[in-house]
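Peer 1: Heads up: the sequence shown begins at 14 in the numbering used here, then just goes up one per residue.
Glycine residues also receive a C-beta, built at the ideal position from the N, C-alpha and C atoms.
Encoded as structure tokens, here's the structure I'll be asking about.
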Amino acid sequence: MLNINKSIENGKALFALEGRLDTTTAPELEKALKESFPGLSELTLDFAGLEYISSAGLRVLLSAQKIMNRQGEMKIVHVNETIAEIFEVTGFSDILTVE
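This is the structure we're talking about:
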């Protein structure tokens, strides 16, 4: 299960994720992001409540990063140790801006 709490104001979006970002829930995040991309200059993903991310979740992040590279910036905040390790092992820590 994944809860997505999003707020968008003046071209800046904050997506706070809670739960698991996996094969089942990745399409839900992908849809929410796609609806929000037009006019977006800054995207922040708050992972404070995210417990797990699978390869399907990583694919959504990579896709979002590619889009935001063209129209603004994207960053991920409050990443726990488990997810930080996944980013490190997969090389995503070199692709994504993690704060």
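Just mark T36 as buried or exposed, buried being the case when its beta carbon has 16 or more other beta carbons within 10 Å.
Peer 2: Classification for T36: exposed.
Peer 1: For G85, which three-state DSSP category applies?
Peer 2: Note: G85 maps to coil in three-state DSSP.
Peer 1: For the 8 Å Cβ check, are there 3 or more pairs between the region 61-68 and the region 46-53?
Peer 2: No: the two stretches stay apart, fewer than three of their Cβ pairs being nearer than 8 Å.
Peer 1: Within the continuous beta strand (DSSP E) that includes S20, where are the two ends?
Peer 2: Segment 15-22, the beta strand (DSSP E) holding S20.
Peer 1: According to the neighbour-count rule (16 or more other Cβ atoms, all chains shown, within 10 Å of its Cβ), is V92 buried or exposed?
Peer 2: Its Cβ being crowded by 16 or more others within 10 Å, V92 is buried.
Peer 1: Tell me which residues share the same chain as E112 and place their Cβ nearer than 6 Å to its Cβ, disregarding the 5 neighbours each side in the sequence.
Peer 2: Only K88, V90 meet the Cβ criterion.
Peer 1: Go ahead and pull the three-state DSSP assignment for D35.
Peer 2: In the structure shown, D35 sits in coil (DSSP, three-state: anything other than H, G, I, E or B).
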